[in-house]
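Student:
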Amino acid sequence: MDLGLRDKVAIVTGGGSNIGRAITLALAEEGAKVAVAEIDREAGERVTTLAREMGAPDALLLPCDVTDREQVEAMVKQVLARWGAVHVLVNNVGWDRLCLFLEDSWEDMEKKVRLNLWSVINCCRAVLPHMIEAGGGAIVNIGSDAGRMGEYREAVYSACKGGVIALTKALAREYGRYNVRVNCVCPGVTIPQTEEEVGSYSMWRGATEVARFAAPEMRERIIRAYPLRRLATPQEVAKAVVFLASDAASFITGQTLSVSGGYTMM
Ligand SMILES: NC(=O)c1ccc[n+]([C@@H]2O[C@H](COP(=O)([O-])OP(=O)(O)OC[C@H]3O[C@@H](n4cnc5c(N)ncnc54)[C@H](O)[C@@H]3O)[C@@H](O)[C@H]2O)c1
Numbered sequence: 006m007d008l009g010l011r012d013k014v015a016i017v018t019g020g021g022s023n024i025g026r027a028i029t030l031a032l033a034e035e036g037a038k039v040a041v042a043e044i045d046r047e048a049g050e051r052v053t054t055l056a057r058e059m060g061a062p063d064a065l066l067l068p069c070d071v072t073d074r075e076q077v078e079a080m081v082k083q084v085l086a087r088w089g090a091v092h093v094l095v096n097n098v099g100w101d102r103l104c105l106f107l108e109d110s111w112e113d114m115e116k117k118v119r120l121n122l123w124s125v126i127n128c129c130r131a132v133l134p135h136m137i138e139a140g141g142g143a144i145v146n147i148g149s150d151a152g153r154m155g156e157y158r159e160a161v162y163s164a165c166k167g168g169v170i171a172l173t174k175a176l177a178r179e180y181g182r183y184n185v186r187v188n189c190v191c192p193g194v195t196i197p198q199t200e201e202e203v204g205s206y207s208m209w210r211g212a213t214e215v216a217r218f219a220a221p222e223m224r225e226r227i228i229r230a231y232p233l234r235r236l237a238t239p240q241e242v243a244k245a246v247v248f249l250a251s252d253a254a255s256f257i258t259g260q261t262l263s264v265s266g267g268y269t270m271m
């Protein structure tokens, strides 16, 4: 099936690590021009080089903190200056640190809101006027099953991801008339496969609570809750994102798709 992504322009936020990296490379394989909006220059450089090798007609690292509105506006301007359009936006940046709500620090709670929710709002605000003017586009937001379920030790993260799902639906309603589709993909636990896939700013880096998911006993425990009895690869999440970003999903908007081996069914 031709997904119609050849020569389309796609922005992937946080494209330097794990899921974002897989999304960037999957879009490159489809022949899209990819802009990686990344705070981690080194990881961003690595993935854009690889994207070109894998078939992207052009790939660009745009160093950017997506929690900063002005930087996001400037990043989108750079994409428009180079390629004249933005057909696809993938809001992938997110961050978590697991702990009970009452034990969370104000600093971390604010960081969670900035990285998981404000980043998505900022990028949608910057890109939507151009998509409307151009006659359409596709936005794929990366949510989480935590946003559908409300996960233990992930209260603020769950709230933000629930917000991303609601934002997805609201924007789909408001801008569908301009042929802008907005969908959300909710990965289950998706552990980076190799060291090379983990950026320096990744929540999987170091001895974090999130990184503990990669420990074999923890992995086993999570797998038991998944009907497919295994965890996703980042590439499996990327496939769902590429589909929703593509013409193959031309009549799909406002939807939330879990890629979590059946962990949630709703
Ligand atoms: N991996 C999982 O198990 C899992 C599960 C459910 C949902 N998710 C969601 O999927 C998305 C990707 O997760 P991941 O595991 O690949 O994360 P990751 O931490 O490995 O990668 C995040 C990327 O975002 C970049 N980044 C961080 N702050 C930034 C900023 N301010 N501006 C620009 N770039 C910034 C980092 O440099 C990194 O490359 C997130 O939204 C996450 O919440 C992940």
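Heads up, the sequence shown is in this note's numbering, so the first residue is 6 and it goes up one at a time.
For glycine and all other residues, C-beta sits at the position ideal for the given N, C-alpha and C.
1. Classify L105 as buried or exposed, calling it buried when 16 or more other Cβ atoms lie within 10 Å of its own Cβ.
2. Cα-Cα, which of K166, R46 and L55 is closest to G36?
3. Around the Cβ of S110, are there at least 16 other Cβ atoms within 10 angstroms (buried) or fewer (exposed)?
4. Please report the straight-line C-alpha distance between A243 and G25, rounded to a whole angstrom.
5. Between S207 and ligand 1, is there a pair consisting of the residue's CB and a ligand heavy atom that are separated by less than 7 Å?
6. Helix, strand or coil: how does DSSP classify T54 here?
7. Assuming V246 contacts V145 under a Cβ cut-off of 8 Å, what Cβ separation, rounded to an integer in Å, is found between them?
8. So which of R158, A160, E138 and I170 has the shortest CA-CA distance to V125?
9. Find out if the Cβ-Cβ distance for the pair E47, S205 is shorter than 8 Å.
10. Cα separation between E214 and P221?
11. Would you kindly work out how many angstroms separate the C-alpha atoms of N184 and E75, rounded to a whole number?
12. Spatial neighbours of C69 within its chain, please: CB distance less than 6 Å, with the 5 preceding and 5 following residues excluded, ordered by chain position.
13. What three-state label does DSSP hand C189 in the structure shown?
14. Under 8 Å, do T261 and C191 count as touching if we go by C-beta distance?
15. Under DSSP, the beta strand (DSSP E) around P221 begins and ends at which residues?
16. Taking 8 Å as the cut-off, does the region 11–25 touch the region 87–102 (at least 3 CB pairs, one atom from each stretch)?
17. Quick one: residues in its chain with C-beta nearer than 8 Å to the C-beta of V84, no 5 flanking neighbours on either side, listed in chain order?
18. Write down the C-beta distance between Y157 and G193 rounded to the nearest angstrom, noting that I regard them as a contact closer than 8 Å.
19. Skipping 5 residues on each side, what residues in its chain have a beta carbon closer than 6 Å to that of A219?
20. Applying the 10 Å Cβ sphere with the 16-neighbour rule, what's the burial state of M136?
21. With distances taken between CB atoms, is the gap from T18 to C128 smaller than 8 Å?
22. For a cutoff of 8 Å on Cβ pairs, would you count R57 as touching chain B?
23. Pull up the distance between the alpha-carbon of E51 and that of R153, whole angstroms please.
24. What would DSSP say about A27, mapped onto helix, strand or coil?
25. Can you tell me which of the three DSSP states N127 falls into?
26. Taking the CB atoms as reference points, tell me whether A237 and V264 lie closer together than 8 Å.
27. DSSP on T261, reduced to helix/strand/coil?
Tutor: So, from the listed chains and residues:
1. In the sequence shown, residue 105 corresponds to position 100, counting from 1. Its Cβ having fewer than 16 others within 10 Å, L105 is exposed.
2. Counting from 1 along the sequence shown, the entry for residue 36 is found at position 31. Per the Cα distances, L55.
3. As a first step, residue 110 must be located in the sequence shown, where it is residue number 105. By the 10 Å Cβ count, S110 comes out exposed.
4. The residue given as residue 243 occupies position 238 in the sequence shown. The residue given as residue 25 occupies position 20 in the sequence shown. A243 and G25: Cα-Cα distance of roughly 8 Å.
5. Position 202 of the sequence shown, counted from the start, is the residue given in the question as residue 207. Because some heavy atom of ligand 1 lies under 7 Å away, the Cβ of S207 counts as near it: yes.
6. Within the sequence shown, the letter at position 49 stands for residue 54. Reduced to three states, the DSSP call for T54 is helix.
7. Within the sequence shown, numbered from 1, the residue matching residue 246 stands at position 241. Within the sequence shown, numbered from 1, the residue matching residue 145 stands at position 140. About 5 Å; that satisfies the 8 Å criterion.
8. Along the sequence shown, one-based indexing puts residue 125 at 120. Measuring from the Cα of V125, the nearest candidate turns out to be I170.
9. Along the sequence shown, read from residue 1 onward, the residue named residue 47 stands at position 42. Along the sequence shown, read from residue 1 onward, the residue named residue 205 stands at position 200. Closer than 8 Å, so yes.
10. Along the sequence shown, one-based indexing puts residue 214 at 209. Along the sequence shown, one-based indexing puts residue 221 at 216. E214 and P221: Cα-Cα distance of roughly 14 Å.
11. Translated into positions along the sequence shown, residue 184 becomes position 179. Translated into positions along the sequence shown, residue 75 becomes position 70. The alpha-carbon atoms of N184 and E75 are separated by roughly 26 Å.
12. Along the sequence shown, one-based indexing puts residue 69 at 64. Only A42, Q76 and M80 meet the Cβ criterion.
13. To locate residue 189, count along the sequence shown from 1; it is residue 184. C189: strand per DSSP, three-state reduction.
14. Here residue 261 corresponds to residue number 256 of the sequence shown, with the count starting at 1. Here residue 191 corresponds to residue number 186 of the sequence shown, with the count starting at 1. Yes, Cβ-Cβ distance for T261 and C191 is below 8 Å.
15. As a working mapping, residue 221 is identified with position 216 in the sequence shown. Unbroken run through P221 is the alpha helix (DSSP H), P221 to R229; no beta strand (DSSP E).
16. yes
17. By one-based count along the sequence shown, residue 84 stands at place 79. Cβ neighbours of V84 beyond the five flanking positions: V14, I16, A40, L65, L67 and V91.
18. Within the sequence shown, the letter at position 152 stands for residue 157. Within the sequence shown, the letter at position 188 stands for residue 193. Between G193 and Y157 the Cβ distance is about 15 Å, and since that is not below 8 Å, they are no contact.
19. Locating residue 219 in the sequence shown gives position 214, counting from the first residue. Excluding positions up to five away in sequence, the list reads I196.
20. Taking the sequence shown and counting its residues from 1, the one referred to as residue 136 is at position 131. Buried, by the Cβ-count rule.
21. Within the sequence shown, residue 18 is the residue found at index 13, counting from 1. Within the sequence shown, residue 128 is the residue found at index 123, counting from 1. Contact: yes.
22. Considering every chain present, this structure includes no chain B. It has just one protein chain.
23. For the purposes of this step, residue 51 is taken as residue 46 along the sequence shown, with counting starting at 1. For the purposes of this step, residue 153 is taken as residue 148 along the sequence shown, with counting starting at 1. The amino acid at residue 51 is misidentified as Glu; the sequence shows Arg. The alpha-carbon atoms of R51 and R153 are separated by roughly 33 Å.
24. Against the sequence shown, residue 27 aligns to sequence position 22. In this structure, A27 counts as helix in the three-state DSSP scheme.
25. As a first step, residue 127 must be located in the sequence shown, where it is residue number 122. Three-state DSSP puts N127 in a helix.
26. Counting from one through the sequence shown, the residue named residue 237 turns up at place 232. Counting from one through the sequence shown, the residue named residue 264 turns up at place 259. Yes, Cβ-Cβ distance for A237 and V264 is below 8 Å.
27. Here residue 261 refers to the residue found at position 256 of the sequence shown. T261 falls in the strand class under three-state DSSP.
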